[in-house]
Amino acid sequence: MSNTLKRLPHFIIIGAMKSGTTSLYRYLAEHPDIEMSREKETDFFVAEKNWELGMDWYSSQFSSDKKVRGEASPNYTKQRDFPGVAERMHALCPELKLIYIVRDPVLRAVSQFKHSFIQGTLNPEIQTFYGSHEYEHIMDASKYASQMDAYLAVYPKESILVLDFDDLATTPQKCMDQITDHIGIARHAIFRKGKQNDSVELSRIPAPILRFAQTRSGQRMAAMVPRNARDKVRGLLARGKERRAPEFPADLLATMKSELSAETARFRAMTGHQFANWSV
């Protein structure tokens with residue numbers, strides 16, 4: 001079945017979480033030849049989330065006749081808790097172009113911890129974090145080589161474009177040119193620069209509202225509202241006191257670096273990228 005008949009994506013941003021996927025989604029949505037999915041994170045290929053909604057639902061995420069379609073779901077690179085994503089993806093879209101944006105794996109893990117803290121979805125006591133389910137979940141998303149293994153088992157290496165979050169932050173146009181070259185469309189100047197997912201703003205929104213927004217009902221409600229309007233609503237809701245995550249103890253950071261060292265070295269070898277500014 002062609003991806004034209006069922007309006008399937010031509011490319012997918014597969015992660016990593018807290019590495020600039022929201023910025024990429026919005027930059028790409030500005031391109032005249034690209035339609036991004038109605039919901040930024042469809043999570044369609046995650047069996048534990050939206051796979052059961054079926055092809056008609058996924059196809060409905062796209063409605064235009066633009067040249068290419070894309071989506072961005074960071075949960076696609078969390079193989080420990082969401083296995084089988086790459087296999088489902090390849091069975092449905094074998095010719096996909098994939099984009100994997102990554103950042104310093106320790107900083108990424110810390111950022112995800114802070115995000116979960118703001119959402120109110122983990123135990124706020126940092127002393128209980130090490131060794132917990134949430135710790136293993138967060139660390140898994142920073143094990144980039146293992147995440148790549150699942151995709152390289154079904155997709156050719158040239159189908160996967162690896163980008164560094166540091167480059168997106170400093171030279172976003174260069175990153176966007178790499179993406180458009182990768183997916184085979186004309187380059188396009190970007191206009192919306194800067195942070196697209198401000199954690200300070202999110203931290204001022206009541207945690208119960210943020211948690212509801214992550215549920216299926218909350219996502220469906222949000223999908224009915226244009227993104228610009230959603231941004232305005234989010235700004236109006238961000239009136240509470242800022243919630244600050246606890247600082248990471250130095251010994252825990254050292255442990256995380258040690259646990260991610262071999263994995264990161266293997267990722268450098270498999271991609272040919274140096275990631276010179278990373279801490280591990």
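In case it helps, the UniProt record's numbering puts the sequence shown at residues 1 to 280. Cβ coordinates follow ideal geometry from the N, Cα and C atoms, glycine included.
Taking all protein chains shown into account, do 16 or more other C-beta atoms lie within 10 angstroms of the C-beta of R103, making it buried, or fewer, making it exposed?
What you label residue 103 is simply residue 103 of the sequence shown in a count that begins at 1. So R103 ends up on the buried side.
Please state if the CB of M256 and the CB of V106 are separated by a distance shorter than 7 Å.
Translated into positions along the sequence shown, residue 106 becomes position 106. Translated into positions along the sequence shown, residue 256 becomes position 256. Using a Cβ distance threshold of 7 Å, V106 and M256 count as a contacting pair.
Through-space distance from Q178 to G131, alpha-carbon basis:
Counting from one through the sequence shown, the residue named residue 131 turns up at place 131. Counting from one through the sequence shown, the residue named residue 178 turns up at place 178. Cα to Cα, G131 sits roughly 38 Å from Q178.
Excluding five sequence neighbours on each side, which residues of the same chain lie with their C-beta closer than 8 Å to the C-beta of H182?
As a first step, residue 182 must be located in the sequence shown, where it is residue number 182. Result list for H182: F11, K97, I99, L161, in chain order.
Exposed or buried, what is Y20 when buried is set at 16 or more other beta-carbons lying within 10 Å of its beta-carbon?
As a first step, residue 20 is located in the sequence shown; it is residue number 20 there, counting from the start. According to the sequence displayed, residue 20 carries Gly and not Tyr. G20 comes out buried.
Relative to the alpha-carbon of A72, which residue among Q79, D167, S37, T271 has its alpha-carbon at the smallest distance?
Reading the sequence shown from its first residue, position 72 is the one you call residue 72. Looking from the CA of A72, the closest CA among Q79, D167, S37, T271 belongs to S37.
Just to confirm my understanding: we take E35, look at its own chain, exclude 5 residues before and 5 after, and list those with CB closer than 7 Å. What are they?
Numbered from 1 along the sequence shown, position 35 holds the residue referred to as residue 35. Result list for E35: F62, S64, K66, R69, in chain order.
Cα separation between T22 and M176?
One-based indexing of the sequence shown puts residue 22 at position 22. One-based indexing of the sequence shown puts residue 176 at position 176. Between the alpha carbons of T22 and M176 lies a gap of roughly 13 Å.
Count the other CB atoms within 10 Å of the CB of H115; is the residue buried (16 or more) or exposed (fewer)?
Position 115 of the sequence shown, counted from the first residue, corresponds to residue 115. Classification for H115: buried.
Roughly how far, in whole angstroms, is the beta-carbon of K49 from the beta-carbon of D140, given that I think they are within contact range, below 8 Å?
Against the sequence shown, residue 49 aligns to sequence position 49. Against the sequence shown, residue 140 aligns to sequence position 140. Their Cβ separation, rounded to whole angstroms, is 16 Å, which puts K49 and D140 out of contact at 8 Å.
Whole angstroms is fine: what's the gap from residue 314's alpha carbon to Y144's?
Outside the modelled stretch of the chain, which goes from 1 to 280, sits residue 314, for which no answer is possible.
Under a three-way DSSP split, which group does I34 fall into?
On the sequence shown, residue 34 is found 34 positions in, with the first residue counted as 1. Strand.
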